[in-house]
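K.L.:
Residue numbers (full-length UniProt numbering), protein chains in the order written: chain A, 1 to 657; chain B, 1 to 657.
I am attaching a structure below and will ask some questions about it afterwards.
Protein chains: 2
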Amino acid sequence: MAYTDLDTKCINTIRILAIDATSAANSGHPGAPMGMAPAAHVLFQKAMTFNPKNPKFLNRDRFVLSNGHGCMLHYALLHLYGYDLSIDDLKHFRQVGSKTPGHPEAHDTPGIEVTTGPLGQGISNAVGLAIAQVQAAATFNKPGFDLLNSHTYVFLGDGCLQEGVAAEAISLAGHLQLGNLIAVYDDNHITIDGDTNVSFTEDVLARFESYGWHTQHVKDGDNDLEAFEIALANAKAVTDKPSVIKLTTIIGYGSKLQGTHSVHGSPLKADDIKAVKEKFGFDPTKSFDVAPEVYAAYQETANKGAAAEQAWNELFDEYKQQYTLEAEELIRRFEKRLPEGWQNSLPVYKSDDPAIASRKLSETVLGKVINTLPELIGGSADLTGSNLTIWKGAVDFQPPSTKIGDYSGRYIRYGVREHGMGAIMNGIAAYGLHIPYGGTFLNFVSYAAGAVRLSALSQHQVIWVATHDSIGLADGNETSAAYYVALTSHHTPSVLCLSRQNLPQLENSTIANAIKGGYIVHEDEEADVTLISTGSEVGICVDAIKTLAADGIKARVVSLPCWEVFDTQDKEYRLSVLPDGIPILSVEVYTTLGWEKYSHEQFGLNRFGASGPYKDIYKKFEFTPEGIAKRAKATIDFWKGVTPIRSPINRAFTQLI
Amino acid sequence: MAYTDLDTKCINTIRILAIDATSAANSGHPGAPMGMAPAAHVLFQKAMTFNPKNPKFLNRDRFVLSNGHGCMLHYALLHLYGYDLSIDDLKHFRQVGSKTPGHPEAHDTPGIEVTTGPLGQGISNAVGLAIAQVQAAATFNKPGFDLLNSHTYVFLGDGCLQEGVAAEAISLAGHLQLGNLIAVYDDNHITIDGDTNVSFTEDVLARFESYGWHTQHVKDGDNDLEAFEIALANAKAVTDKPSVIKLTTIIGYGSKLQGTHSVHGSPLKADDIKAVKEKFGFDPTKSFDVAPEVYAAYQETANKGAAAEQAWNELFDEYKQQYTLEAEELIRRFEKRLPEGWQNSLPVYKSDDPAIASRKLSETVLGKVINTLPELIGGSADLTGSNLTIWKGAVDFQPPSTKIGDYSGRYIRYGVREHGMGAIMNGIAAYGLHIPYGGTFLNFVSYAAGAVRLSALSQHQVIWVATHDSIGLADGNETSAAYYVALTSHHTPSVLCLSRQNLPQLENSTIANAIKGGYIVHEDEEADVTLISTGSEVGICVDAIKTLAADGIKARVVSLPCWEVFDTQDKEYRLSVLPDGIPILSVEVYTTLGWEKYSHEQFGLNRFGASGPYKDIYKKFEFTPEGIAKRAKATIDFWKGVTPIRSPINRAFTQLI
């Protein structure tokens, strides 16, 4: 607890590295790293457990920099602690192909837990990490084996706190009483528009209190290292509430422009850099210069972390002896292997089975696989009864004190918080032991667009069960296939679009066909046209075959439940589904946008829908066998004069990836 | 203030109409109308000023039902007060083409101020309505002429309060000290997932207090009409803070299932309907039955509203005498007429003018038109210095007590609240006297997707100034043209995509060309290929002409800054831009999605970008003259065998609208 000049030197080294890197890149954000360096130093040196030689050590404490633009703070620490991030990597900050992109990306840099930058996401991911830790602990810890007991620490700034996604996640964290979550709010009074008094004058700690958080204020975050260390210890001692520490700091501490927004998002000027270095006792002629004793100080902590992992491994060896099945299960989940034969529990349908809404089919899948796949942790943004995302016997993930569930529960009541749910699911996925899914109406996935984008960018396996879609999955086997693909795609988020209304079981719909993303529902070697569709419209296209036959026209029908998966099939297969020689008409009760890629002509709905019983709506917009047949005929006539009619699968060149 | 049996009968009539309408539709939400009927009755009868015969009366109090699923509450009131909504309209609740859609839509129903349903939007719209009112009042009111002094009332439920967009807007409302905004929080403890204790246990009023709101709690919202009336009066008396009244109610009051989520989203069962009607003294054999004395009671208030408008009109006549220019300006803005000749202030560029970033060009446009168009009310989600959305001499819209602006200011500091900004802009637009614009990075418009969708659905004139896009607007005249289209499209939101980097002024780029959405930048009658592009890539396509010429290939170049506007041009023009006979290659450093509609082949980036200096990134992904030329050649070769090569402008049939 006694801090020495060496601590100061360490802290200033972090600051100078941030200055040098942003200066070399001629872009980036030095202000937050300079202001938060003392806090980061104390947190990493005194509170956190981690092993730089194994960034994936399961029981490590997690650190999330929610104000991701300040990433040089984290990069500097990762370098100093001996993670696989060299001084050259710091010199290549913000360059193409470097390990040090302009905002932290989990897949680029060892030691980065989650991709941040878009404000409000990191704190929400941290809530997910904390949920995952609590749930895993309740599942795997045993008497005498406090196997999983790590904390999640998150730094966040004024910007994060203004974002609604953060408000959603923070509120839920309070409800869930996540004692393993500790947030440090960098109260530096500065955002891009200047002083926070222009738009952000709420009482932040009072707000956290209203959410049920434990709150503290450290008034001199620039100098009072002891006070911050004590606050961290207090926060850890509170086990039934998440904690926030408001840490008042000066942004860009040490710069001539400290305390102003000028240090937020631009490198320091040359004379300022020189002055800061002199002020901190650094050689102003050198850049990226780290004293050996600074490396040594951090190495000592890194060694402690390695020892901690060693001790944990020994504990786990004992655990393996006593709880062999649980240990094997933990390893299996850590390695992202699904249990052998799990897919046999997926339901299979025949074409004469009754018509069922695909949200209902989804419920059936979940009911069948949930016991086989304990890594599945589901929920809904307050639409459980509509999304049908719960299963029989489900236990709510709730604080035990509420008496309505416990922490081993696998059903999360997200509340009406779609964006928070998306970002929390990203955090749960990032923890590494779960596959999260969450339900809402398809239309409201857009509320969470910011988090969905980060799921994709970060390659998180996150599953959206999106119901009440007019472009629902078509039938039972397609629904099973969709789950199969979502559950086996460990590096891709998935959105399952499910219908509210009943849909027939289709000819040729098998799991094997549907997992290809697209397949032939009805073949006709002499066809005049291919009808391509998805979800609820496929059945209507099948009905349109008869309508067309009355006029002597033959049609093939293709179901294309997933563009992205279909695109990964080889060309020969794709051409067999969408062959040359006859025109293709797409049919979907939604925008035609994008269907041009798979068809010559498109029948769609490039406007908002309307309020009414769904059968009336389909009729109004002519999504009937007759309406489809009419457009199929127009398509055939229109393409008569063109030779050859080439399938849109044929392209002049392939895209770079 | 004395309430009689007639009040009770009125309240129960609202409840019964909600029951009958949801029953007739066999869908809808009776619970909220039944629970909130007393509050709505008191609010409309005792607190609000409005004239059913003129729903657009400028100084009316606004009412927003943020929990829009409970719209039968509002429809019932609108009918009873004599708005243009008949009992037959109520009977057609949720039917195709009716004035009573499943969620309230401003354009379908007289008396509905904003379209709600997606939770959290309505309360945020209400903040926008309140901002617009305060700003208009500060602009037009004069000593002795308290011309604009209305209030905005909003009902919201637990669901709205869980949404992040609401948190953003509520926080800003507190900062802005909007004393004209009064929210009534329906504390009924029920969401779709059941009791709010499963996910929503925060202290709501403490949270509002942390944001700077005035708070009150009415504990018996079902019966204590006096207490609610007093609370409303208290809220009105507080002029320097927005007010929230927590009103504890029983959802579905009167039903056998009252207080449970079963009454939330499903019609009551027949026996329950019978029982409720008997309990309330209604004839259970009748539906949609309104007693004459109930109509009479509401008519009396409606008459008062008509008289209030009459008095206001007289006040305005006097105002016209004394403040003729201001009065004319108010009328002009109310009628959505832009000042004559305003467009002459749009800057115009020549092709030899220097390269400029289009965000900078946007700043120039704003600087030129801002004084000509006082209805423009701008801001940024804390990216003012990056979006360049402010102008010289701008006054912040701030509470005067802050001393950093005043309520006549036209520059809003939204904070890092993109979704809130979007929803607030919808509210500002709905008030009727302003054209709001807001800045953020293009990528973060997606944070506001929920609000953007409602801008489009509600036909609000809302302008997003979206910068830091690689697909930026191409040059000066295109930027001016984009503002021209955005400012003259009174029923459409617009997103202006602007570049961070400098872009050259293009040949043939004129405002007249660019406002068509697409035009020929470089013509060649003997061309082998058309290159179609947008924003920053158009200039590279122009450079590719030379690269191709070295191989004896001739290319045309087309700039397509706006798909939607281009689509509205006549076919002849579109075919002149994208003619038959030669293949078309699209070029854009972003997804190829949608470009298939305008081209035969697409060069794009179907992956996430990368971190680095932009020139390095363009090179990495081959968005160079050479990279484009290579793909243009492949396109020409590939399409050689096809006759005829038809422009994608030709379609087999047209879409229904």
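Idealized CB from N, CA, C, for every residue including glycine.
Do B/V96 and A/K620 count as a contact pair if the criterion is CB distance below 8 angstroms?
P.N.:
Closer than 8 angstroms, so yes.
K.L.:
How about the segment 548-561 of chain B and the segment 622-639 of chain B: do they share at least three Cβ pairs that are nearer than 8 angstroms?
P.N.:
Verdict: yes, contact present.
K.L.:
Within the chosen definition, does the segment 271-278 of chain A reach the segment 205-219 of chain A through at least 3 CB pairs nearer than 8 angstroms?
P.N.:
Verdict: no, contact absent.
K.L.:
So with CB distances below 8 angstroms, who are the chain A contacts of B/H175?
P.N.:
Within chain A, the residues near B/H175 are S199, F200, T201 and E202.
K.L.:
Counting only C-beta atoms, is B/T643 closer than 8 angstroms to chain A at any point?
P.N.:
Chain A, which has a Cβ nearer than 8 angstroms to the Cβ of B/T643, makes this yes.
K.L.:
Is there a Cβ from chain A that is less than 8 angstroms from the Cβ of B/D406?
P.N.:
Output row for B/D406: interface = no.
K.L.:
What in chain A is Cβ-close to B/L656, meaning under 7 angstroms?
P.N.:
What B/L656 touches in chain A: F621 and E622.
K.L.:
Could you list the residues in the segment 255-285 of chain A with a C-beta less than 9 angstroms from some C-beta on chain B, going in chain order?
P.N.:
Listed by position, the residues of the segment 255-285 of chain A near chain B (Cβ gap below 9 angstroms) are H261 and G265.
K.L.:
Compile a chain-ordered list of the residues in the segment 169-195 of chain B whose CB is closer than 7 angstroms to at least one CB of chain A.
P.N.:
Residues passing the 7 angstroms Cβ filter: S171, L172, G174, H175, T191, I192 and D193.
K.L.:
Are any of the Cβ atoms in chain A nearer than 8 angstroms to that of B/A466?
P.N.:
No, B/A466 does not count as interfacial toward chain A.
K.L.:
What three-state label does DSSP hand A/A629 in the structure shown?
P.N.:
Three-state result, A/A629: helix.
K.L.:
In terms of residues, what are the limits of the beta strand (DSSP E) holding A/I377?
P.N.:
A/I377 -> beta strand (DSSP E) spans L376 to S380.
K.L.:
Please go through the segment 279-346 of chain A and give each complete alpha helix (DSSP H) segment of 4 or more residues, from N-terminal end onward.
P.N.:
The qualifying runs are 292-322 and 324-334.
K.L.:
Measure the beta-carbon distance from B/G122 to B/L156 and round it to whole angstroms, keeping in mind my assumption that it falls under 8 angstroms.
P.N.:
The pair is a contact, with the Cβ atoms about 7 angstroms apart (cut-off 8 angstroms).
K.L.:
Using CA atoms only, rank isn't needed, just tell me which of B/F444, B/G174, B/N54 and B/L73 is closest to A/N197.
P.N.:
Checking every option, the nearest Cα to that of A/N197 belongs to B/G174.
K.L.:
Apply the 10 Å Cβ neighbour rule to A/H92 and answer buried if 16 or more other Cβ atoms are within range, or exposed otherwise.
P.N.:
By the neighbour-count rule (16 or more Cβ atoms within 10 Å), A/H92 is buried.
K.L.:
Counting C-beta neighbours from all protein chains within 10 Å, is the total for A/G341 16 or more, i.e. buried, or is it exposed?
P.N.:
Classification of A/G341: exposed, given that the 10 Å Cβ count is below 16.
K.L.:
Counting along the chain, where does the alpha helix (DSSP H) carrying A/G31 start and finish?
P.N.:
G31 to V42 is the span of the alpha helix (DSSP H), which, as asked, contains A/G31.
K.L.:
Going by other Cβ atoms of all chains shown within 10 Å of its Cβ, with 16 needed for buried, is A/K392 buried or exposed?
P.N.:
Result: exposed.
K.L.:
On the premise that A/S199 lies in contact with B/D382, defined as a C-beta separation below 8 angstroms, what is that separation, rounded to the nearest angstrom?
P.N.:
With 8 angstroms as the limit, B/D382 and A/S199 qualify as a contact, their Cβ atoms being about 7 angstroms apart.
K.L.:
For B/P561, decide whether its Cβ has a neighbour in chain A, counting only Cβ atoms nearer than 8 angstroms.
P.N.:
Answer no: the Cβ-Cβ gap between B/P561 and chain A never drops below 8 angstroms.
K.L.:
Chain A beta carbons: is any one of them nearer than 8 angstroms to that of B/G439?
P.N.:
By this cut-off, B/G439 is not an interface position.
K.L.:
Kindly list the residues whose CB is nearer than 8 angstroms to the CB of B/K546, restricted to its own chain and excluding five residues on each side of it in sequence; keep chain order.
P.N.:
Taken in chain order, the residues that qualify are P625.
K.L.:
I want to verify the contact list: residues of chain A whose CB lies under 7 angstroms from the CB of B/H419, in sequence order.
P.N.:
Near B/H419 (Cβ distances below 7 angstroms), the residues of chain A are G164.
K.L.:
So for B/L90, helix, strand or coil by DSSP?
P.N.:
Residue state, collapsed to three classes: helix.
K.L.:
Could you confirm whether any beta carbon from chain B is found closer than 8 angstroms to the beta carbon of A/I19?
P.N.:
No, because no Cβ of chain B sits closer than 8 angstroms to the Cβ of A/I19.
K.L.:
Does B/N606 have its Cβ less than 8 angstroms from a Cβ in chain A?
P.N.:
Closer than 8 angstroms to some Cβ of chain A, the Cβ of B/N606 qualifies, so yes.
K.L.:
Can the beta-carbon of B/F603 be found closer than 8 angstroms to that of B/S586?
P.N.:
Yes, the Cβ-Cβ distance between B/F603 and B/S586 is below 8 angstroms.
K.L.:
So for A/N426, helix, strand or coil by DSSP?
P.N.:
If DSSP states are grouped into helix, strand and coil, A/N426 belongs with the helices.
K.L.:
Hey, does A/I515 have any beta-carbon neighbour from chain B nearer than 8 angstroms?
P.N.:
Chain B, which has no Cβ nearer than 8 angstroms to the Cβ of A/I515, makes this no.
K.L.:
How would you list, in chain order, the residues of chain A whose beta-carbon sits under 8 angstroms from the beta-carbon of B/F566?
P.N.:
Here the premise fails: no neighbours, minimum Cβ distance about 14 angstroms.
K.L.:
Could you name the residues of chain A that B/T635 contacts, counting a contact when the two beta carbons are closer than 8 angstroms?
P.N.:
Residues of chain A passing the Cβ test: A652 and F653.
K.L.:
Tell me, to the nearest whole angstrom, how far the beta carbon of A/A451 is from that of A/A423; I am working on the premise that it is less than 8 angstroms.
P.N.:
That belief holds up - the Cβ atoms of A/A451 and A/A423 are roughly 4 angstroms apart, short of 8 angstroms.
K.L.:
Beta carbon of B/L330, beta carbon of B/F57: below 8 angstroms?
P.N.:
In this structure, B/F57 does not lie closer than 8 angstroms to B/L330 by Cβ.
K.L.:
Using the Cα positions of A/H29 and A/L77, report the straight-line distance between them to the nearest angstrom.
P.N.:
Answer to the nearest angstrom: the Cα atoms are 16 angstroms apart.
K.L.:
Quick check on B/H151: buried or exposed, where buried means 16 or more other Cβ atoms within 10 Å of its Cβ?
P.N.:
By the 10 Å Cβ count, B/H151 comes out buried.
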